[in-house]
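J.: Sharing a structure here in structure tokens format.
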Amino acid sequence: MGKGVIIACDFKDKEETFRFLDKFENEKLFLKIGMELFYSEGPDIVREIKRRGHKIFLDLKLHDIPNTVEKAMKSLSNLNVDMTNVHSAGTIEMMKAGLKGLTKENGERPILIAVTQLTSTSQEKMQNQLLIEKPIENVVMKYAENAKEAGLDGVVCSPLEVQTVKKRCGDDFITVTPGIRFEEDDKGDQVRITTPKKAKELGSDYIVVGRPITKAEAPINAYKKCVEDFVG
Ligand code: C5P
Numbered sequence: 553m554g555k556g557v558i559i560a561c562d563f564k565d566k567e568e569t570f571r572f573l574d575k576f577e578n579e580k581l582f583l584k585i586g587m588e589l590f591y592s593e594g595p596d597i598v599r600e601i602k603r604r605g606h607k608i609f610l611d612l613k614l615h616d617i618p619n620t621v622e623k624a625m626k627s628l629s630n631l632n633v634d635m636t637n638v639h640s641a642g643t644i645e646m647m648k649a650g651l652k653g654l655t656k657e658n659g660e661r662p663i664l665i666a667v668t669q670l671t672s673t674s675q676e677k678m679q680n681q682l683l684i685e686k687p688i689e690n691v692v693m694k695y696a697e698n699a700k701e702a703g704l705d706g707v708v709c710s711p712l713e714v715q716t717v718k719k720r721c722g723d724d725f726i727t728v729t730p731g732i733r734f735e736e737d738d739k740g741d742q743v744r745i746t747t748p749k750k751a752k753e754l755g756s757d758y759i760v761v762g763r764p765i766t767k768a769e770a771p772i773n774a775y776k777k778c779v780e781d782f783v784g
């Protein structure tokens with residue numbers, strides 16, 4: 553599985569995004585575009601970034617009835633992104649519908665991964681608000697297995713969950729892992745964090761890195777260090 557560093561472009565608008573990207577000159581990057589930027593700028597931001605030759609993980613976390621997710625994915629398939637995602641909680645049927653909508657007539661499609669339980673959901677919140685009684689680790693693994701059954705390519709998870717996910721879903725099941733910090737970094741709001749080196753040791757396929765690169769004094773150096781430590 554291709555190892556790669558994905559930079560989380562958590563910027564409010566196009567100006568801020570391109571001010572950041574311009575620092576990298578001709579470097580071809582893999583960028584995560586999330587709801588904030590996509591909802592403020594619309595699909596044009598994706599087209600513009602693609603035109604610059606970067607790869608895109610469109611992180612919109614779709615979750616709706618299967619028919620709606622299928623149609624939404626069909627719209628997104630025209631953007632030719634490289635990776636996108638849905639919520640595993642939407643059921644196996646919804647994930648299958650998403651996969652169908654995303655696949656073009658010639659069979660081509662981006663990598664499709666599932667979000668399991670968001671890291672902001674604690675055991676306590678899951679029990680008290682969602683009435684899910686099982687341990688959160690079991691829920692995450694079940695959601696990963698459901699994604700595999702639906703034919704998806706992998707999941708977003710913590711680097712600390714990679715080995716169990718691979719054991720349950722196979723070595724080629726892709727793990728995309730946020731929560732990355734350098735040893736010397738401020739943790740921000742991330743609780744369970746791992747360094748790029750540790751994520752590599754744990755077998756993660758892609759790391760998603762936001763603030764340690766976007767807020768660094770020298771973003772290029774921070775990015776290069778991530779690549780060096782994770783890809784080697
Ligand atoms: O700035 P930082 O490196 O914490 O950014 C991590 C990125 O990964 C953010 O865009 C965040 O929304 C995303 N993410 C995460 N944890 C998850 C899923 C996504 O941090 N479980």
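For the sequence shown, the numbering used here begins at 553 and goes up steadily by one. A virtual CB, placed ideally from N, CA and C, is assigned to each residue, including glycine. Treat the numbers as computed from the prediction; the structure is a model and nothing was measured.
For residue 726, which three-state DSSP category applies?
T.: If DSSP states are grouped into helix, strand and coil, residue 726 belongs with the strands.
J.: Any chance you could list the beta strand (DSSP E) runs of at least 3 consecutive residues sitting entirely within the stretch 659 to 683, in chain order?
T.: Within the stretch 659 to 683, complete beta strand (DSSP E) segments of at least 3 residues are found at 663 to 667, given in chain order.
J.: Are the beta-carbon atoms of residue 732 and residue 761 separated by less than 7 Å?
T.: Result yes, Cβ atoms of residue 732 and residue 761 sit closer than 7 Å.
J.: Measuring CB to CB, does residue 613 end up less than 7 Å from residue 639?
T.: Going by C-beta atoms, residue 613 is nearer than 7 Å to residue 639.
J.: Give the DSSP bridge partners of residue 583, in chain order.
T.: According to the DSSP secondary-structure assignment, residue 583 is paired through a beta bridge with 559 and 608.
J.: Buried or exposed for residue 783, going by 16 or more other Cβ atoms inside 10 Å?
T.: exposed
J.: Does the beta-carbon distance from residue 625 to residue 654 come in below 7 Å?
T.: A contact, by the Cβ cut-off of 7 Å.
J.: With distances taken Cα to Cα, identify the nearest neighbour of residue 565 among 576, 555, 701 and 600.
T.: 600
J.: Look up residue 614 in the DSSP assignment and give the residues it is bridged to.
T.: 638
J.: Rounded to a whole number of angstroms, what is the C-alpha to C-alpha distance between residue 736 and residue 571?
T.: Those two C-alpha atoms are separated by around 26 Å.
J.: Checking contacts by CB at 7 Å: is residue 759 closer than that to chain C?
T.: No chain C is present in this structure, which holds just one protein chain.
J.: So what's residue 655 in DSSP terms, helix, strand or just coil?
T.: coil
J.: When burial is assigned at 16 or more other CB atoms within 10 Å of the CB, is residue 596 buried or exposed?
T.: exposed
J.: On the DSSP bridge assignment, give the partners of residue 732 in chain order.
T.: 746
J.: Our contact map puts residue 775 next to residue 765 with C-beta atoms below 8 Å; I'd like the distance itself, whole angstroms only.
T.: At roughly 5 Å, the Cβ-Cβ gap stays under 8 Å, so residue 775 and residue 765 are in contact.
J.: Report, in whole angstroms, the separation of the C-beta atoms of residue 711 and residue 666, which I expect to be a contact under 8 Å.
T.: Actually they are not in contact, since the Cβ atoms of residue 711 and residue 666 sit about 17 Å apart, beyond 8 Å.
J.: Check the C-beta distance from residue 648 over to residue 702 and give it rounded, since I have them as a contact under 8 Å.
T.: 5 Å
J.: Please name the residue, chosen from 739, 755 and 734, that lies closest to residue 728 on a Cα-to-Cα basis.
T.: 755
J.: Check residue 650 in the structure and name its three-state DSSP category.
T.: helix
J.: Sort 739, 720 and 627 by Cα distance to residue 662 and report the nearest one.
T.: Taking only the C-alpha atoms, the option nearest residue 662 is 627.
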